[in-house]
Amino acid sequence: MQIYANNTTGPNAYIITGPTSGIGLATAFEVAKHGTVVLVGRDPEKLRELQKALEQSRRSAVSVVCDLSDLASVRRAAAEIIALDLPIVGLLNNAGIFPMSATKNALGWDNAYATNHIGPFVLTEALIPHLPDGANVVFVASGVEDPERKPAKMAGFRGGRYISAEASARGEWEPGGSKMPGADAYATSKQCTLATALAFARETPRLHFNAVEPGFSPETGLGRDANALLRFLSKYVLSRLAPRIKYWSTPKLAAPVITKVLLNESGETGVYYDEKGQPMLGSVLVRDPRFQDRVVAETRAQLSTVPK
Ligand SMILES: NC(=O)c1ccc[n+]([C@@H]2O[C@H](COP(=O)([O-])OP(=O)(O)OC[C@H]3O[C@@H](n4cnc5c(N)ncnc54)[C@H](OP(=O)(O)O)[C@@H]3O)[C@@H](O)[C@H]2O)c1
C-alpha cells in the first residue's frame, strides 16, 4: 500500500524504516528537510498520521507498509519501493525491537533476529541494484553488541552471542550470556547488523554502508515490554537526564547525527559512528572481516532455503 503526500522538498529521496516512533520518527522529520522520505512501517494508521504531520510541515512523503519480521512483506515492500521510481540516494535501516520474551515470526524464527537482522538484510539486498553510485545505506546498530562496552555491561548486557544464523533463528545464543530477558537475542541481532554493514561496505564499494550507535534513549518505545514503573521512569525521568549523561541521548539529539551520516557526501564507507557522530569501534569479534563475511554468507544460505 502506498500513500502519497502532495508537497515536495527536494530532488532526492530517502527511505526510513521504523519512522513511526522514537529515533526513526525524529529522524524522519529531520531527513524530510532534505527531500522526499519513503516511510517504511508496519502500521498503516501510524504511517497515515505521520504522513499527514509531514504534509502539514510542507514536506514530501510516500508510505510503504512493511512488516520487517515477515520475509514476504519485506520482499513486497522492496518491489513497491523500486516501482515508485524515486531518485533514492539513501536508505536508513532504523526499525528494531527489543522483546523481553522470545517470540517467533511466521517461519518460526526468533523475532528479534528476524526483525533486526533478517528484514533489513533482505530489504537492503533487494534495493542495492537499484541505488545509484554513491548512495548511503545506514544501519542503526547498538553498542550492546560489544561485551567489553562499559555502559552496556553495567546495564546487564553480555555482548552479541552469535553461534550461527541457524542457531539465531532458533533463538539460541552462545552460553554464559545475560540474565536480562531478551538481552542476548537483541545484542546478537545488533552484532549481525554491524557485521552486515561492515561486510557490505567491503563487498559493494560503489555504495556507502555505515552504522550508527544512536546512544541510549530511554524515552523511545524500544523498552515497551518493560514493567510499567520502568516505562514511567524511562519516559518522564531518565529521558530528562539523558542529554547530560555520557553515552545517552534522545531522539531529538540522535536525529541530526543520523541524518548527517545518511546525507554524507564524503564517500566514507565501513564507518561505525557513536551518538555524537564520531567514529567508534565495535567489538573485537565484529571488527574481524572473517566474522563479518561468515554472518553474511550464513544469512544468505539461510535465506536461500525460504521459497520466494
Ligand atoms: N532507544 C535506545 O536506547 C537505542 C539504543 C541503541 C540502538 N537503538 C536502535 O534504534 C532503533 C530505533 O529504536 P527506538 O529506540 O527508536 O525504538 P522505538 O521507539 O520502539 O521505534 C522502533 C520502530 O521500529 C518499528 N518496528 C518495530 N518492529 C517492526 C516490524 N516488524 N516491521 C516494521 N517496523 C517495525 C516500530 O514500529 P511501530 O511504531 O509500529 O511499533 C517503530 O517505528 C532500533 O534499531 C534500536 O535497536 C535504540
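The opening position of the sequence shown corresponds to residue -2 in the working numbering, with each subsequent residue numbered one higher. Backbone N, C-alpha and C define an ideal beta-carbon position, used for all residues, glycine too.
Fewer than three Cβ pairs drawn from the region 153 to 171 and the region 60 to 70 lie within less than 8 Å of each other, which leaves the two stretches out of contact. In this structure, Met277 is the residue among Trp106, Lys243, Lys30 and Met277 with its C-alpha nearest to the C-alpha of Leu195. The closest CA to that of Asp107, considering only Lys176, Asp40, Glu265 and Leu65, is found on Leu65. Asp143 has its Cβ no nearer than 8 Å to any heavy atom of ligand 1.
For Asp67, the Cβ falls inside the 8 Å cut-off from some heavy atom of ligand 1. For Thr17, the CB contacts under 7 Å within the same chain, skipping 5 residues up- and downstream, are Gly38, Asp40, Lys43, Leu44 and Leu47 in chain order.
At a cut-off of 8 Å, the beta-carbon of Asp64 counts as near ligand 1: some heavy atom of the ligand is closer than that. In chain order, Lys232 and Ser236 place their CB closer than 6 Å to the CB of Glu216, counting only its own chain and leaving out the 5 sequence neighbours on each side.
In the three-state reduction of the DSSP assignment, Leu89 falls in the strand class. Taking each of Ala132, Tyr159, Gly131 and Lys147 in turn and checking the Cα distance to Val283, the smallest one comes out for Tyr159. Relative to ligand 1, Ile242 has its C-beta separated by 8 Å or more from all heavy atoms. It is roughly 7 Å from the alpha-carbon of Ala58 to the alpha-carbon of Leu36. For Gly21, the enclosing alpha helix (DSSP H) begins and ends at Gly19 to Val28.
For Phe197, the CB contacts under 6 Å within the same chain, skipping 5 residues up- and downstream, are Phe206 in chain order. With fewer than 16 other beta carbons inside 10 angstroms of its own, Val234 counts as exposed. Non-local C-beta neighbours of Arg221 in its own chain, meaning closer than 8 Å and more than five positions away in sequence, comprise Arg228, ordered along the chain. At least one heavy atom of ligand 1 lies less than 8 Å from the C-beta of Tyr183.
By alpha-carbon distance to Gly131, the top candidate from Ser98, Tyr270, Ser246 and Glu265 is Glu265.
Under the three-pair Cβ rule at 8 Å, the region 20 to 31 counts as touching the region 245 to 253. Residue environment: Arg287 is assigned as exposed (fewer than 16 neighbouring CB atoms within 10 Å of its CB, all protein chains considered).
Residue environment: Pro202 is assigned as exposed (fewer than 16 neighbouring CB atoms within 10 Å of its CB, all protein chains considered). Excluding five sequence positions before and after Gly174, the CB atoms of its chain that fall closer than 6 Å to its own CB belong to Arg155, Arg158 and Asp181, given in chain order. In this structure, the C-beta of Phe213 approaches ligand 1 to less than 8 Å from one of its heavy atoms. In this structure, Glu210 has its CB closer than 8 Å to one or more heavy atoms of ligand 1.
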